[in-house]
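A.B. asks: Have a look at this one.
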Amino acid sequence: MKNIITSVIIMCTLSTFSQSNQELLSHYKKYYKQMQSQADIQGVINALTHLNVLEPSQARKDTLATLYMNEGRHVEALNTIGVEKNDSDSDLAVQVKAFSLKAINDIEQAMVHYEELFRRKPNPFIAYELAEMKIRTGDLMGATRNITFGIANSDGDIVRNYYETQQPYSVPMKAAFTYLKGLVKINEDRENNIDAAISIMNEALVIAPNFNLAKISIDALNAQKPTE
Numbered sequence: 000m001k002n003i004i005t006s007v008i009i010m011c012t013l014s015t016f017s018q019s020n021q022e023l024l025s026h027y028k029k030y031y032k033q034m035q036s037q038a039d040i041q042g043v044i045n046a047l048t049h050l051n052v053l054e055p056s057q058a059r060k061d062t063l064a065t066l067y068m069n070e071g072r073h074v075e076a077l078n079t080i081g082v083e084k085n086d087s088d089s090d091l092a093v094q095v096k097a098f099s100l101k102a103i104n105d106i107e108q109a110m111v112h113y114e115e116l117f118r119r120k121p122n123p124f125i126a127y128e129l130a131e132m133k134i135r136t137g138d139l140m141g142a143t144r145n146i147t148f149g150i151a152n153s154d155g156d157i158v159r160n161y162y163e164t165q166q167p168y169s170v171p172m173k174a175a176f177t178y179l180k181g182l183v184k185i186n187e188d189r190e191n192n193i194d195a196a197i198s199i200m201n202e203a204l205v206i207a208p209n210f211n212l213a214k215i216s217i218d219a220l221n222a223q224k225p226t227e
């Protein structure tokens, strides 16, 4: 008799828990939609966090990490989905890991995920990021490969945005890659390649006369020339 009573109690408890869980899921799904309609990002984050606890989902984790990334909360984004490279990662997860790791200046790990993004979907934007990071880490041959790809695959419609001035500006992607080509040249030999690097950066200015960063770099290189 005691066993029967115990079994009934357990069944009732499980039923109640299941019902409560479903009610909570329903509540937070409605809350999620409401926060979306109000464009309340923190509310959306809160709703997704609760939903993922109640009903774990990798897709939800990826979305949550993306929201954190878009808000500039890169550590929270990485804490949500981790930093390891997994073959099963969605494109969105790889993108979050790449962007957020670069944002916190973990260049070595960021490059791992940028390489994976490039392997999955080669495009000039990812090639630029890779080339820029490889120049920073001294992999000039690797940077040159990405630059060569970028120049070959950049048409006039795609641009690169720059923010070093008070007013952001855009230049054609081909000009951006040409500028990186100049950076590679000066990094190959800082004493003897000044004129060659300036010449390449001037090519970037021909393509994009508004390329302020190229102008600044040319001025800096000219200042390094020995005075006669």
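190 is the number that numbering that gives the first Met the number 0 gives to position 191 of the sequence shown; each next residue is one higher, with no gaps. For glycine and all other residues, C-beta sits at the position ideal for the given N, C-alpha and C.
Tell me, please, which residues DSSP counts as bridged to Y161.
C.D. replies: Stepping through the sequence shown from its first residue, residue 161 is reached at position 162. Partner(s): Y168.
A.B. asks: Could you check how far apart the C-beta atoms of T143 and V183 are, in whole angstroms? I think they sit under 8 Å.
C.D. replies: Stepping through the sequence shown from its first residue, residue 143 is reached at position 144. Stepping through the sequence shown from its first residue, residue 183 is reached at position 184. Contact flag correct, Cβ pair sits at about 6 Å.
A.B. asks: Report the option in S89, A46 and E107 whose CA atom is closest to the CA atom of H26.
C.D. replies: What you label residue 26 is simply residue 27 of the sequence shown in a count that begins at 1. H26 has its Cα closest to that of A46, out of S89, A46 and E107.
A.B. asks: Does the Cβ-Cβ distance between I176 and A213 come in under 9 Å?
C.D. replies: Here residue 176 corresponds to residue number 177 of the sequence shown, with the count starting at 1. Here residue 213 corresponds to residue number 214 of the sequence shown, with the count starting at 1. According to the sequence as given, residue 176 is Phe; it is not Ile. No, Cβ-Cβ distance for F176 and A213 is not below 9 Å.
A.B. asks: If we ignore side chains and look at the alpha-carbon of each, how far apart do F124 and A97 end up?
C.D. replies: Residue 124 sits at position 125 when you count from the first residue of the sequence shown. Residue 97 sits at position 98 when you count from the first residue of the sequence shown. Looking at the backbone, the Cα of F124 and that of A97 are separated by about 13 Å.
A.B. asks: By Cβ distance below 6 Å, which residues in the same chain neighbour V7 in space, the five residues on each side in sequence not counted?
C.D. replies: Indexing the sequence shown from 1 puts residue 7 at position 8. Unreliable placement is indicated for V7, whose pLDDT of 41 sits below 50; no coordinate value is reported for it.
A.B. asks: I'd like to know whether the C-beta atoms of L139 and N191 end up nearer to each other than 9 Å.
C.D. replies: Start at 1 with the first residue of the sequence shown, and residue 139 comes out as number 140. Start at 1 with the first residue of the sequence shown, and residue 191 comes out as number 192. Result no, Cβ atoms of L139 and N191 do not sit closer than 9 Å.
A.B. asks: Do you know whose CA, among E202, I197, R118 and N211, lies nearest T164's CA?
C.D. replies: In the sequence shown, residue 164 corresponds to position 165, counting from 1. Closest by alpha carbon: N211.
A.B. asks: Who are the near neighbours of H228 in its chain, counting only those whose CB is closer than 6 Å to its CB and skipping five residues on each side?
C.D. replies: Outside the shown range of the chain (0 to 227) lies residue 228, about which nothing can therefore be said.
A.B. asks: Indicate the three-state DSSP secondary structure (helix, strand or coil) for T226 in the structure shown.
C.D. replies: If you number the sequence shown from 1, residue 226 lands on position 227. The answer is coil: DSSP assigns T226 none of H, G, I, E or B.
A.B. asks: Drop a sphere of 10 angstroms on the beta-carbon of V95, count the other beta-carbons inside from all chains shown, and report buried for 16 or more, exposed for fewer.
C.D. replies: In the sequence shown, residue 95 corresponds to position 96, counting from 1. With 16 or more other Cβ atoms within 10 Å, it is buried.
A.B. asks: Does H26 have its Cβ less than 9 Å from a Cβ in chain C?
C.D. replies: Looking at the structure shown, chain C is missing, and only one protein chain is on hand.
A.B. asks: Nearest CA to the CA of P171: which residue from S153, G81, H49 and N221?
C.D. replies: Residue numbering aside, residue 171 sits at position 172 when the sequence shown is read from its first letter. That would be S153, whose Cα lies nearest to the Cα of P171.
A.B. asks: Count the other C-beta atoms from every protein chain shown that fall within 10 angstroms of the C-beta of I215, then say buried if there are 16 or more, exposed otherwise.
C.D. replies: Numbered from 1 along the sequence shown, position 216 holds the residue referred to as residue 215. Burial call: exposed.
A.B. asks: Per DSSP, what kind of secondary structure is D188 in: helix, strand or coil?
C.D. replies: What you label residue 188 is simply residue 189 of the sequence shown in a count that begins at 1. D188 falls in the coil class under three-state DSSP.
A.B. asks: Report the three-state DSSP secondary structure of K120 (helix, strand or coil).
C.D. replies: Translated into the one-based positions of the sequence shown, residue 120 becomes position 121. Correct three-state label for K120: coil.
A.B. asks: Keeping to the same chain, check which residues put their C-beta closer than 8 Å to that of I206; ignore five residues upstream and five downstream.
C.D. replies: Position 207 of the sequence shown, counted from the start, is the residue given in the question as residue 206. Result list for I206: V170, P171, K173, A174 and T177, in chain order.
A.B. asks: On the criterion of 16 or more Cβ atoms from any shown chain inside 10 Å, does G155 qualify as buried, or is it exposed?
C.D. replies: In the sequence shown, the residue the question calls residue 155 occupies position 156. The residue is exposed, with fewer than 16 neighbouring Cβ atoms inside 10 Å.
A.B. asks: Following the continuous alpha helix (DSSP H) through G149, name the residue where it begins and the one where it ends.
C.D. replies: As a position in the sequence shown, residue 149 is number 150, starting the count at 1. Segment L139 to A151, the alpha helix (DSSP H) holding G149.
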